[in-house]
Amino acid sequence: METIGKPLKRRSRIHSSEQRVAYICLIPAFLGLIFLTYAPLVGVLGISLTNWTGLKSPEFVGFDNYVKLFTTDPYIKDSIIATIYFAFLSVAGSMIYSLFIAMLLNRKIPARGFFRAVFYVPFVLPAVAIYVGWSWLYEANFGFFNYLLSEVGLNKILFIADSRYVVPSLSLIAVWLAGNLIVIFLAGLQNVPSVYHEAAEMDGANGWKRFRHITLPCMTPIIFYNLLMSLIANLQVVTPALALTNGGPGNSSRFMTYLMYDQAFVNYKLGYACATTFIIFAILAAFTAVLFKTSNRWIFSEGGDDK
Amino acid sequence: MSEAAYGRLKSKKRSERTANVITLVVVLFFAVLVLFPIWWIFRTSLMTNAEIYRFPPSLLPADWLFSNYEKTLKVFKFWKYLWNTMVIIVPSCLAGTFTATLCGYAFARLRFRGKQLIWALCIGSMLLPAMVTLIPLYIGWTRGLGLHDSYLPLILPYFCGGGAFNIFLIRQFILSIPRELDQAATIDGAGYFRILFSIIMPAIKPAMIVVALFIFIGLWNDLLQQMIYINSSDKYTIALGLTNFRGQLKQEWSLTMAATCLSFAPGVLFYLIGQKYFVEGITMTGMKN
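In order, the protein sequences belong to chains W and P. Take the first sequence: its position 26, counting from 1, is numbered 26 in this note's numbering, and each next residue is one higher. In this note's numbering, each residue carries its 1-based index in the second sequence increased by 1000.
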């Protein structure tokens, strides 16, 4: 951070050429920030106040779209519930799974690099292919999971075709995909100073105590990072709905981003869809803010001089 | 070392070895679980329809019907889809990596007016979820610039720094390179661009490869944007082609799984080639914060 915020005193000719070079280098970033980020953000707000359908010119309707969304929209409530349900299961599942696997891989076992590669494989496969492939595993009559259920004497489940099971079924795929989290956790675990463990062991701390009082506190910054990234990603979930379920059965997998897609690109209610977008944005921002707000309570920093 | 202490050490070693064996067994179990769905998909792609529906299902196909792939390729235009996907991915990766490097260099090394503000705007955009800007961007590209059924709305954003996250990554990496290197070059009379190209870029090659890989994975996994910008079937990418193929052949599971496996293949191939960088890169994102 040392270069940020240094006052630009005594600007000589060299500095003016330095400044010119900097602005040239930053042209792409300027274009991106203006046209791809902040102007569209203002645009969402602006369009959300109109009744634009893309056919005739838009009329200003004030907060009508928002009022409609909160009072008469048949989907938005189910959509928010489905999204949060999915995000909760996926984030919790993938955090526990990936931390557990990373801790196993952090032990001295043979072929560690090979195993790390194996757990990472799902992450490099194209998302659509993964969902199509898993839809066969979840198939109602001959799918692998139903074979397992019949082996243990249980009734068949429709999985992604049953409104009760579709979200947990899709979450299981999301957990399976979490190989990137394993790699990040593993790198974090390798950075936990081994002297702590050795000292604790001498004092007679058992495995669980060492995990609870050394590993976990040292890992909190990385846990926070993984939690934040996977929460933001999972709250924006859309691909499984687009590729497999079309939001169904019923509205059980009509995730928020899918709802927005449906309003804008299937029904061409652009103004209405922008209002939805803004609500989704507010929900995402609220989750992110809560995570940041509570973070200083549980993130452990060594010596407290990180900032 | 006393006899007793030696004994304790020995028994500790032994218990540690037992623990490691248990760990290995558990890891092996989970590794099999992770790979199993992929195997199940692959084995289905080599079976006849009758065999797929047989009960109980077998782990291996009776005879390996690679002819399923020939049948699939007649409908599922894999090579064309792969080519189309690459037409989007290759320029995006190159442009995104290059422009992210330029911007990261400016933020890491150069002094200029408004740096704090621009940097704050950049970091702020990192927290902005991508779906928020989707509709205005769609309107801008199609209505504003008339780019219907075109790859350009998917590619051109990568000419603008490749996203704040990638700029951030490059900047952090450049900050970790000793400044003395630049200073020495300045004394030798090298300009800022010269320093960037002949000193900084070679030093941050791993970070640049990582950025390219991230852009690759992002486009590789995308369906939503490709769906809204691409209409005609001869422009389909792998993601669009597979979604469409599945819709056409709902019950032909062996062919659908063959198409799925074909779509897996390039990702696995790239991964095997660039495994070191994939792992290094993912690690870097977690550590550089």
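Quick reminder that beta carbons are idealized off the backbone N, C-alpha and C, glycines included. None of these values were measured; they are calculated from a predicted model.
CB contact flag (residue i, residue j, <8 Å)
i: isoleucine 1217 of chain P; j: valine 124 of chain W; result: yes
i: threonine 239 of chain W; j: leucine 1223 of chain P; result: yes
i: threonine 1249 of chain P; j: leucine 1240 of chain P; result: Before going further, note that residue 1249 of chain P is leucine rather than threonine in the sequence given. No, the pair does not count as a contact, with Cβ atoms beyond the cut-off.
i: threonine 1097 of chain P; j: valine 1211 of chain P; result: yes
i: isoleucine 1052 of chain P; j: phenylalanine 142 of chain W; result: yes
i: threonine 53 of chain W; j: leucine 231 of chain W; result: no
i: alanine 1108 of chain P; j: tyrosine 1158 of chain P; result: no
i: glycine 188 of chain W; j: isoleucine 222 of chain W; result: yes
i: alanine 29 of chain W; j: glycine 1161 of chain P; result: yes
i: phenylalanine 115 of chain W; j: alanine 1031 of chain P; result: yes
i: tyrosine 138 of chain W; j: serine 169 of chain W; result: yes
i: threonine 1044 of chain P; j: tryptophan 1253 of chain P; result: yes
i: aspartate 78 of chain W; j: asparagine 251 of chain W; result: yes
i: alanine 129 of chain W; j: leucine 1242 of chain P; result: yes
i: phenylalanine 86 of chain W; j: asparagine 206 of chain W; result: no
i: isoleucine 160 of chain W; j: threonine 257 of chain W; result: no
i: alanine 127 of chain W; j: asparagine 1221 of chain P; result: yes
i: isoleucine 214 of chain W; j: histidine 197 of chain W; result: yes
Beta-carbon contacts of residue i that lie in its chain and below 6 Å, excluding the five residues immediately before and after
i: phenylalanine 185 of chain W; result: Ser98, Leu99, Ala102
i: tyrosine 66 of chain W; result: Ala275
i: lysine 1288 of chain P; result: In this prediction, lysine 1288 of chain P scores a pLDDT of 49, lower than 50, which makes its location untrustworthy; the coordinate-derived value is nonetheless stated afterwards. Gln1172, listed in sequence order.
i: threonine 1072 of chain P; result: Leu1255, Ala1258, Ala1259
i: glycine 43 of chain W; result: none
i: phenylalanine 1078 of chain P; result: Leu1262
i: isoleucine 1170 of chain P; result: Ala1100, Thr1101, Gly1104, Ala1207
Proximal residues of chain P, C-beta to C-beta of residue i below 8 Å
i: isoleucine 101 of chain W; result: Val1027, Phe1030
i: arginine 107 of chain W; result: Ala1019, Asn1020, Thr1023
i: glutamate 18 of chain W; result: Leu1110, Arg1111, Phe1112, Tyr1192
Host alpha helix (DSSP H) of residue i (start-end)
i: glutamine 1248 of chain P; result: 1238-1248
i: tyrosine 120 of chain W; result: 112-124
i: proline 1056 of chain P; result: Run containing proline 1056 of chain P: none; DSSP gives neither H nor E here.
i: lysine 337 of chain W; result: Outside the displayed range of chain W (1 to 307) lies residue 337 of chain W, so it cannot be described from this structure.
i: cysteine 1093 of chain P; result: 1078-1109
i: threonine 1048 of chain P; result: Threonine 1048 of chain P -> no alpha helix (DSSP H), and no H or E assigned at all.
i: leucine 1147 of chain P; result: Unbroken run through leucine 1147 of chain P: none, as it is neither H nor E.
i: lysine 156 of chain W; result: Careful: lysine 156 of chain W lies outside any alpha helix (DSSP H) and carries neither H nor E.
i: isoleucine 182 of chain W; result: 179-191
i: aspartate 1182 of chain P; result: 1180-1187
i: glutamate 1070 of chain P; result: 1067-1075
i: lysine 56 of chain W; result: That residue, lysine 56 of chain W, is in no alpha helix (DSSP H); it is neither H nor E in DSSP.
i: glycine 250 of chain W; result: Element bounds for glycine 250 of chain W: n/a, residue is neither H nor E.
i: phenylalanine 1173 of chain P; result: 1164-1175
i: tryptophan 98 of chain W; result: What sits at residue 98 of chain W in the sequence shown is serine, not tryptophan. Note, serine 98 of chain W: alpha helix (DSSP H), 76-105.
i: asparagine 309 of chain W; result: Missing from the structure shown is residue 309 of chain W; chain W here goes from 1 to 307 and no further.
i: leucine 1128 of chain P; result: Segment: none, leucine 1128 of chain P is in no alpha helix (DSSP H) and carries neither H nor E.
i: tyrosine 131 of chain W; result: 127-137
Listed by chain order, chain W residues near residue i by CB distance under 8 Å
i: tyrosine 1105 of chain P; result: Cys25
i: valine 1090 of chain P; result: Going along chain W, no residue has its Cβ under 8 Å from valine 1090 of chain P, so there is no contact; the nearest lies around 16 Å.
i: threonine 1044 of chain P; result: Trp136
Close beta carbons around residue i, own chain, < 8 Å, minus the five adjacent residues each side
i: threonine 220 of chain W; result: Trp298, Ile299, Phe300
i: threonine 3 of chain W; result: With a pLDDT of 49 at threonine 3 of chain W, under the threshold of 50, the modelled position of that residue is not reliable, and the figure given next carries that caveat. None.
i: phenylalanine 60 of chain W; result: Leu49, Thr50
i: methionine 260 of chain W; result: Ala273, Thr276, Thr277, Ile280
i: tyrosine 268 of chain W; result: Thr53, Gly54, Leu55
Assumed close pair residue i, residue j - CB separation to whole angstroms, cut-off 8 Å
i: leucine 1310 of chain P; j: phenylalanine 1076 of chain P; result: Summary: the structure shown does not reach residue 1310 of chain P, with chain P confined to residues 1001 through 1289, and so no result is reported for it.
i: tyrosine 120 of chain W; j: valine 21 of chain W; result: Actually they are not in contact, since the Cβ atoms of tyrosine 120 of chain W and valine 21 of chain W sit about 39 Å apart, beyond 8 Å.
i: leucine 227 of chain W; j: methionine 95 of chain W; result: 6 Å
i: alanine 1129 of chain P; j: glutamine 236 of chain W; result: Note that residue 1129 of chain P is proline in the sequence shown, not alanine. Sure, about 6 Å apart at Cβ, within 8 Å.
i: glutamate 18 of chain W; j: arginine 1111 of chain P; result: 6 Å
i: valine 1034 of chain P; j: proline 122 of chain W; result: 7 Å
Residue i: contacting residues in chain P (beta-carbon distance under 7 Å)
i: valine 21 of chain W; result: Leu1110, Tyr1192, Phe1193
i: histidine 197 of chain W; result: Under the 7 Å cutoff, chain P gives no residues; its nearest Cβ is about 13 Å from histidine 197 of chain W.
i: cysteine 218 of chain W; result: Within 7 Å Cβ-Cβ: nothing; cysteine 218 of chain W doesn't reach chain P, min ~13 Å.
i: proline 74 of chain W; result: Under the 7 Å cutoff, chain P gives no residues; its nearest Cβ is about 21 Å from proline 74 of chain W.
i: isoleucine 232 of chain W; result: Pro1129
Partner residues on chain W for residue i, Cβ-Cβ distance less than 7 Å
i: tryptophan 1083 of chain P; result: What tryptophan 1083 of chain P touches in chain W: nothing, since even the nearest Cβ is about 15 Å away.
i: tyrosine 1053 of chain P; result: Phe142
i: glutamine 1172 of chain P; result: Here the premise fails: no neighbours, minimum Cβ distance about 10 Å.
i: glutamine 1275 of chain P; result: Ala117
i: threonine 1099 of chain P; result: Pro28
Residues near residue i in its chain [Cβ-Cβ closer than 7 Å; skip 5 each side]
i: tryptophan 1119 of chain P; result: Phe1107
i: valine 382 of chain W; result: The structure shown has nothing for residue 382 of chain W, since chain W only spans 1 to 307.
i: isoleucine 157 of chain W; result: Asn146, Leu149, Tyr165
i: leucine 45 of chain W; result: Phe278
i: leucine 986 of chain P; result: Residue 986 of chain P is absent from the structure shown; chain P starts at 1001 and stops at 1289.
Near the ligand GDP: residue i beta-carbon under 7 Å from a heavy atom
i: tyrosine 23 of chain W; result: With respect to the ligand GDP, the structure shown offers nothing to examine, as it has no ligands at all.
Amino acids of chain P, ordered along the chain, whose beta-carbon sits closer than 9 Å to that of residue i
i: threonine 50 of chain W; result: Here the premise fails: no neighbours, minimum Cβ distance about 12 Å.
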